[in-house]
Structures are given as structure tokens and as C-alpha cells.
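Numbering (the numbering used here), first residue to last: 10 to 127.
Even for Gly, the Cβ is constructed at its ideal location relative to N, Cα and C.
Computed from a prediction, not measured in an experiment: that's the story for all the values here.
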């Protein structure tokens, strides 16, 4: 079992920044894949960013150059620094865990709301 708890969401004006954090506990390895997903009202959940155990990252095209994912394996923490936020970034953001890139996400956090006003 893996438990994921997000924090750091909130309301921000367009152009502003927010930093999301995810605290992981339980049966988690430093080799596991960690990621952030988001779901806007009326839309499907989509991948925002993922990071491997050795720090390899991948981003959705819509956030490249604005968002940065990072992890601290010793603290079992994953973060998402979001800069130059846009109203279309408004969504519930979820921390996610999977064992490898070939596996589906097997654990989700409860989600944290990010709202960007224009």
C-alpha cells in the first residue's frame, strides 16, 4: 500500500505561481515512477508531469517551460512548481504512483484544487 497526500493548492491570479507537494508513505521505492495529473470540470484526467527514480522527467506540451516536477527520495516527497499560471490550468491536481512506465497508476492522492483567475 502507498499513501499519497497533496498540499499547496489554492487560488492565484493569471501569471502567478504555486507549488504543490505530495507526501508519500508506505511501500514506496525510490525507483517508482511519480507523477502529477489534473482534471478540469467536464474533462478527462490528464497527465501533467512524471519523474522517474533517477530524475528523468516528462511533461505535457501544455505545461512545458512553465512547470517543474521534482522529487526527494529521502523524504519521499514529490513537488510540482507551477509558474506563469493560466486560467486553463484550473483543475484538481492529483499525485500519482506507479511501479514502472509499463504499469498503470496504482495509487492516487485525494487531489488538491488549483484555481487560476483571469
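Chain-order list of residues whose beta-carbon lies under 7 Å from that of residue i (same chain, five-residue window excluded)
i	result
residue 39	62 and 82
residue 110	42
residue 11	33, 35, 36, 37, 106 and 116
residue 118	13, 14, 15, 31, 103 and 104
residue 56	44, 46 and 69
Contact under 8 Å by Cβ, residue i with residue j
i	j	result
residue 26	residue 15	no
residue 49	residue 72	no
residue 32	residue 85	yes
residue 102	residue 74	no
Sequence-distant residues of its chain with Cβ nearer than 6 Å to residue i (five each side left out)
i	result
residue 60	43, 66, 78 and 80
residue 68	58
residue 114	105 and 107
Neighbourhood of residue i by C-beta distance below 8 Å, restricted to the same chain and skipping five residues each side
i	result
residue 21	27, 94, 123, 124, 125 and 126
Rounded straight-line distance, which links the Cα of residue j to that of residue i
i	j	result
residue 18	residue 112	27 Å
residue 52	residue 100	9 Å
residue 88	residue 46	12 Å
residue 76	residue 54	17 Å
residue 90	residue 97	16 Å
residue 64	residue 108	15 Å
DSSP bridge partner residues for residue i (one or two, in chain order)
i	result
residue 6	The chain is shown only over 10 to 127; residue 6 falls outside these bounds and no answer can be derived.
residue 1	There is no way to answer for residue 1, as the model of the chain reaches only from 10 to 127.
residue 14	32
residue 19	123
residue 59	44 and 67
(message) If we require 3 or more residues per run, which beta strand (DSSP E) segments fall completely within the segment 87-125?
(response) 100-107
(request) Identify every run of the beta strand (DSSP E) within the segment 23-56, keeping only runs that are complete inside it and at least 3 residues long; order them along the chain. (result) 27-35 and 42-48
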